[in-house]
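Trainee:
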Amino acid sequence: AYRITYPDLSTPVIWNKKEPPYIHLYTVTKSGKKLTRIAEVENYHINPDSFSKQLKIYLACSVGRITNDQQYPGKIVIQAQGVHLATISKLLTESYAIPKRFIKGYTEPDKKK
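Sequence positions in the sequence shown follow our numbering and run 11 to 123.
(1) Looking at C-alpha atoms only, which residue of Pro31, Glu50 and Trp25 is the closest neighbour of Gly84?
(2) Starting from Thr46, follow its DSSP beta bridges and name the residues at the other end.
(3) Rounded to whole angstroms, what is the Cα-Cα separation between Tyr82 and Leu35?
(4) Expressed to the nearest angstrom, what Euclidean distance is found between the alpha-carbon atoms of Asn26 and Pro109?
(5) When DSSP labels each residue in this structure, what does Lys114 get in the three-state scheme?
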């Protein structure tokens, strides 16, 4: 069992499965364009609509929700235009305080010179 404590909830959420909940980051190519997809953010009580809006402002690109993803059927998947793995990883770890080990597809941001 895993215990997840959210800042806005007073009681922690107990996750009774073999593995902890993960957020999945991955890229796909569709019609020659690269897209970044984020799946299973609702496991961490992140509202997909408000997260999409925040991504749209933060990344300055087109962001939308898709529900017919073959990898995650029946789940809400957020899709951003372009490859933004490092930026989204940084946003999830810094703004939402999600540890790196719970983000599959986590990418370290480039080091500044």
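We put the beta carbon where it would ideally sit given N, CA and C, even for glycine. Note that the structure is a prediction, hence the values are computed from the model and not measured.
Mentor: In short:
(1) Glu50
(2) Thr37 and Ala90
(3) 12 Å
(4) 19 Å
(5) Strand, per DSSP.
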